[in-house]
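Chains as they are written, first to last, in my numbering: chain A, 1366 to 1580; chain B, 1366 to 1580.
Every residue, glycine too, gets a C-beta built ideally from N, C-alpha and C.
See below for the structure under consideration.
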């Protein structure tokens, strides 16, 4: 556990589960696929699911929604939350039922990436994070596509992690009760790739795509 | 697809993927485990991951965070987002890479459930949604536990769904290129339960817990 970078980022509840350094933050972000991005619109909260990728000490978001909802002015205040569910925690009382998870919450400003070179590099990261090596195997971006995609950068310097793992924690006297308690593990599994059947004859699943499948 | 219940709930981007009726909304909520709950705090967005359960035409949230962050006054405006990732969509160009998913976004007011009878029924739902039949197998709630848990209700009458499924959609001319394209399925898998080893001798994994495991 390190120090909270700001009062905003400080985890208030169960602070012993919190972390604030890159060593805590980066592995969680690198294992997740979907961020929930919160903004304030007309004074009200809006939360949008978005694909993201980490680029060193910042996060990148992209897409037309990025260009639309988030791209208002020079930067929009966002809260980006990534959560990996890892288990259902079944305790001896309802009160101590819980979940195992790893999560990151980032507070920051979503700043548009407008430089075309920087933007193209960002777009490549989105593809490469999905399938390492894929950019070189697909049709290159056109200038129109690069122009037509909004990319936003959010620094990771105001972020926190929160992690729960392990067994349920029950009240001492409840351990004597004849009740089973433990964890049901939850994992996200990538399956065997399914082609769309529309490639020319002889095109097979590339090794880097096949390698994504778990187990 | 039905009509958007409000301008706020209307899906602006790729509106053909949107739905607004219970038949669209409920199955997605019933398959998810974690909601990302957005609020506005000091004018800024905050997004918190929370366990939730659907109760008819509303969502229930609970916990000390619910009691703390969300329980300000008679009700807090929230945006509750639930997203199920179902596939990585690998296209012939970076631009058409995408994800398959089912998502719900709910706009509403989180209203505290204060009536003790209603609250206890709500707490039971949280346990029963995790493991059907579990409430009867665990130590009953104490009055103190019920009192010490914040429960919030959010109506589902201002919500939308968005779904993407199926193959990549590439530019017509790109289908001639010798590039593999398709979908890598993503599924959330519940594994075999792991006991904490602290129950009295003879206590085995109950059938309803064992039944959670996929495949």
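Note down the Cα distance separating residue i from residue j, rounded to an integer number of angstroms.
i                      : j                      : result
residue 1458 (chain A) : residue 1535 (chain A) : 7 angstroms
residue 1422 (chain A) : residue 1542 (chain A) : 48 angstroms
residue 1528 (chain B) : residue 1383 (chain A) : 33 angstroms
residue 1391 (chain A) : residue 1368 (chain B) : 41 angstroms
residue 1520 (chain B) : residue 1404 (chain B) : 16 angstroms
residue 1488 (chain A) : residue 1429 (chain A) : 13 angstroms
residue 1538 (chain A) : residue 1456 (chain A) : 13 angstroms
residue 1547 (chain A) : residue 1555 (chain A) : 26 angstroms
residue 1510 (chain A) : residue 1465 (chain B) : 21 angstroms
residue 1569 (chain A) : residue 1545 (chain B) : 6 angstroms
residue 1500 (chain B) : residue 1492 (chain B) : 6 angstroms
residue 1425 (chain A) : residue 1566 (chain B) : 52 angstroms
residue 1526 (chain B) : residue 1473 (chain A) : 27 angstroms
residue 1414 (chain A) : residue 1576 (chain B) : 31 angstroms
residue 1524 (chain B) : residue 1559 (chain A) : 32 angstroms
residue 1432 (chain B) : residue 1379 (chain A) : Residue placement at residue 1432 (chain B) cannot be trusted, given a pLDDT of 49 that sits under 50; what the coordinates show is reported in the next sentence. Using only the alpha carbons, I get a separation of about 14 angstroms.
residue 1454 (chain B) : residue 1573 (chain A) : 14 angstroms
residue 1402 (chain B) : residue 1462 (chain B) : 27 angstroms
residue 1449 (chain A) : residue 1393 (chain A) : 8 angstroms
residue 1578 (chain A) : residue 1549 (chain B) : 8 angstroms
residue 1564 (chain A) : residue 1571 (chain A) : 13 angstroms
residue 1372 (chain A) : residue 1533 (chain B) : 43 angstroms
residue 1337 (chain A) : residue 1553 (chain B) : In the structure as shown, chain A starts at 1366 and stops at 1580, and residue 1337 (chain A) therefore has no counterpart that could be examined.
residue 1427 (chain B) : residue 1416 (chain A) : 27 angstroms
residue 1470 (chain B) : residue 1540 (chain A) : 40 angstroms
residue 1385 (chain A) : residue 1370 (chain A) : 7 angstroms
residue 1420 (chain B) : residue 1522 (chain B) : 13 angstroms
residue 1490 (chain A) : residue 1418 (chain A) : 7 angstroms
residue 1531 (chain B) : residue 1381 (chain B) : 14 angstroms
Applying a beta-carbon distance threshold of less than 8 angstroms, which residues of chain A neighbour residue i?
i                      : result
residue 1555 (chain B) : 1453, 1549, 1550, 1551
residue 1560 (chain B) : 1545, 1546, 1547
residue 1608 (chain B) : Outside the displayed range of chain B (1366 to 1580) lies residue 1608 (chain B), so it cannot be described from this structure.
residue 1492 (chain B) : 1459, 1462
Please list, in chain order, the chain B residues whose beta carbon lies closer than 8 angstroms to that of residue i.
i                      : result
residue 1573 (chain A) : Within 8 angstroms Cβ-Cβ: nothing; residue 1573 (chain A) doesn't reach chain B, min ~10 angstroms.
residue 1577 (chain A) : 1453, 1549
residue 1367 (chain A) : Neighbours of residue 1367 (chain A) on chain B: none; closest Cβ ~21 angstroms, over 8 angstroms.
residue 1510 (chain A) : 1458, 1459, 1460
residue 1468 (chain A) : 1414
Quick one: which chain B residues come within Cβ less than 9 angstroms of residue i?
i                      : result
residue 1500 (chain A) : 1459
residue 1506 (chain A) : 1458, 1459, 1460
residue 1450 (chain A) : 1398, 1399, 1414, 1553
residue 1488 (chain A) : 1459, 1460
residue 1392 (chain A) : Simply none; closest approach about 17 angstroms.
Taking all protein chains shown into account, do 16 or more other C-beta atoms lie within 10 angstroms of the C-beta of residue i, making it buried, or fewer, making it exposed?
i                      : result
residue 1557 (chain A) : exposed
residue 1561 (chain A) : buried
residue 1580 (chain A) : exposed
residue 1496 (chain B) : buried
residue 1397 (chain A) : buried
residue 1485 (chain A) : buried
residue 1513 (chain B) : exposed
residue 1377 (chain B) : exposed
residue 1375 (chain A) : exposed
residue 1468 (chain B) : buried
residue 1508 (chain B) : exposed
residue 1515 (chain B) : buried
residue 1346 (chain B) : No statement about residue 1346 (chain B) is possible, as the shown extent of chain B runs from 1366 to 1580 and does not include it.
residue 1452 (chain A) : buried
residue 1446 (chain A) : buried
residue 1400 (chain B) : buried
residue 1389 (chain A) : buried
Could you tell me whether the Cβ of residue i comes closer than 7 angstroms to any Cβ of chain C?
i                      : result
residue 1371 (chain B) : No chain C appears in the structure shown, which is made up of the protein chains A and B.
Which chain A residues are close to residue i, counting only those with a beta carbon under 7 angstroms from its beta carbon?
i                      : result
residue 1410 (chain B) : 1403, 1404, 1405, 1410, 1442, 1443, 1444
residue 1539 (chain B) : 1504
At 7 angstroms on the CB atoms, spell out the chain B contacts of residue i, in chain order.
i                      : result
residue 1473 (chain A) : Under the 7 angstroms cutoff, chain B gives no residues; its nearest Cβ is about 10 angstroms from residue 1473 (chain A).
residue 1429 (chain A) : 1378
residue 1503 (chain A) : 1457, 1458, 1459, 1544
residue 1532 (chain A) : 1561
residue 1570 (chain A) : 1545
Please list, in chain order, the chain A residues whose beta carbon lies closer than 9 angstroms to that of residue i.
i                      : result
residue 1381 (chain B) : By Cβ distance, chain A contributes nothing, its closest Cβ being about 14 angstroms from residue 1381 (chain B), past 9 angstroms.
Exercise. Is it a yes or a no for the segment 1473-1486 of chain A touching the segment 1494-1504 of chain A, going by three-plus beta-carbon pairs under 8 angstroms?
Worked result: no
Problem set entry | Start-end ranges of the alpha helix (DSSP H) lying completely within the segment 1372-1405 of chain B, minimum 4 residues | 1387-1396
Problem set entry | contact_flag[the segment 1439-1454 of chain A, the segment 1405-1421 of chain B] where n(CB pairs < 8 angstroms) is 3 or more | yes
Exercise. Curious, which full-length alpha helix (DSSP H) runs of at least 4 residues does the segment 1478-1503 of chain A contain?
Worked result: 1481-1495
Problem set entry | Inside the segment 1521-1580 of chain A only - alpha helix (DSSP H) runs reaching at least 4 residues | 1572-1575
Problem set entry | Any beta strand (DSSP E) of 3 or more consecutive residues that is wholly inside the segment 1408-1479 of chain A | 1409-1420, 1423-1427, 1441-1455, 1463-1477
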